[in-house]
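First comes the structure, then the notes that go with it.
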Amino acid sequence: MFEFPDFASTQVIMSFLTLTFLEIVLGVDNIIFISITSGRLPEENRKKATNIGLIVAMLLRIVLLFGLAFLTALQEPLFYISGSWVEGGFSVQSLILILGGIFLLYKSVTEIHHKLEADDHTVSNSKKTKSTLTQAIIQITLINLIFSLDSILTAVGMTNGIHGALWIMILAVIGSIIIMISFAHPVGKFVNDHPTVQMLGLSFLLLIGFMLIAEGAHLAHFKMAGEEVGNVPKAYLYFAIAFSLLVEMLNIRQRKRLKAIQLHGISEDAKDAGYFKGNE
Numbered sequence: 050m051f052e053f054p055d056f057a058s059t060q061v062i063m064s065f066l067t068l069t070f071l072e073i074v075l076g077v078d079n080i081i082f083i084s085i086t087s088g089r090l091p092e093e094n095r096k097k098a099t100n101i102g103l104i105v106a107m108l109l110r111i112v113l114l115f116g117l118a119f120l121t122a123l124q125e126p127l128f129y130i131s132g133s134w135v136e137g138g139f140s141v142q143s144l145i146l147i148l149g150g151i152f153l154l155y156k157s158v159t160e161i162h163h164k165l166e167a168d169d170h171t172v173s174n175s176k177k178t179k180s181t182l183t184q185a186i187i188q189i190t191l192i193n194l195i196f197s198l199d200s201i202l203t204a205v206g207m208t209n210g211i212h213g214a215l216w217i218m219i220l221a222v223i224g225s226i227i228i229m230i231s232f233a234h235p236v237g238k239f240v241n242d243h244p245t246v247q248m249l250g251l252s253f254l255l256l257i258g259f260m261l262i263a264e265g266a267h268l269a270h271f272k273m274a275g276e277e278v279g280n281v282p283k284a285y286l287y288f289a290i291a292f293s294l295l296v297e298m299l300n301i302r303q304r305k306r307l308k309a310i311q312l313h314g315i316s317e318d319a320k321d322a323g324y325f326k327g328n329e
């Protein structure tokens with residue numbers, strides 16, 4: 050497992066590239082969460098919180114990769130519940146996913162409420178900045194642990210049986226995090242500059258929270274009224290996110306176009322009123 054892979058092999062190269070791409074895709078929800086969480090920080094602290102969050106994500110993934118045996122043990126049921134209406138066997142992995150989903154739901158609803166209801170309380174900037182930065186880093190670290198489990202399990206499944214699989218996974222994780230660090234700040238700035246995108250991102254986190262809870266319940270073979278919770282393909286989630294983003298991009302473009310038309314109209318009205326001449 051610890052032997053270095055032969056990157057002259059087509060299989061190794063394809064596995065590395067595919068896994069790097071998947072790590073980036075799986076990290077999109079992570080970037081959305083980090084962007085929204087760091088968006089409540091002062092401008093000078095946002096990039097720091099984003100970079101710390103992604104570096105923590107990389108370190109957690111690498112640690113989990115070296116603990117593959119422990120990761121496998123996480124799938125063994127810790128306890129069972131059985132009743133007339135509900136039954137299931139819950140492992141550490143399923144519990145982490147369920148609790149992570151609940152945390153995301155709570156975080157999303159709280160943020161939506163914060164954006165809809167302005168905070169009337171005034172807090173000193175220095176105290177608020179310190180407290181918020183600490184809270185942001187803690188929240189980012191916690192959610193990174195949950196997203197790391199999902200990411201690493203995908204990596205293990207993709208590289209199973211390939212020579213030097215551990216190093217392929219580590220290099221793919223490092224490569225994907227470097228790419229995400231490069232794009233996370235522009236993505237975060239874009240999200241924070243467009244309130245509708247922020248709300249859309251929070252809606253994505255709600256979807257992801259429900260998805261994590263459903264996935265955890267599925268892994269626990271949870272049954273309610275005799276019906277087992279089925280697996281929800283992630284492709285549905287990614288399609289919904291991609292489609293929603295496409296619609297929002299069209300809306301943003303339309304708003305910019307309407308704004309330009311309005312400004313042009315104001316300019317023409319000003320010229321007609323004699324406030325300034327067109328060539329001046």
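Each residue of the sequence shown is one higher than the one before, counting from 50 in the working numbering. Backbone N, C-alpha and C define an ideal beta-carbon position, used for all residues, glycine too. Since the structure is predicted, the reported quantities are computational estimates derived from the model, not experimental observations.
- Secondary structure of residue 150 (DSSP, three-state): helix.
- Distance from the CA atom of residue 139 to the CA atom of residue 257, rounded to whole angstroms, is 20 Å.
- Inter-segment contact for the region 79-86 and the region 246-261 is present: three or more beta-carbon pairs are separated by less than 8 Å.
- In this structure the region 289-296 does not lie against the region 151-166, because fewer than three pairs of beta carbons, one per stretch, are closer than 8 Å.
- When the Cα atoms are used, residue 221 and residue 99 turn out to be separated by approximately 20 Å.
- Using a Cβ distance threshold of 9 Å, residue 233 and residue 150 do not count as a contacting pair.
- Membership of residue 244 in the alpha helix (DSSP H) is indicated by the continuous run 244-268.
- The C-beta separation of residue 68 from residue 218 comes to about 7 Å, placing the pair in contact by the 8 Å criterion.
- Here residue 126 is bridged, per DSSP, to 140.
- In this structure, DSSP gives residue 197 a helical state, which the three-state scheme calls helix.
- Rounded to the nearest angstrom, the gap between the Cα atoms of residue 223 and residue 303 is 38 Å.
- The beta carbons of residue 213 and residue 61 sit about 7 Å from each other, so the pair counts as a contact at 8 Å.
- Residue environment analysis places residue 284 among the exposed positions, since fewer than 16 neighbouring C-beta atoms fall within 10 angstroms of its C-beta.
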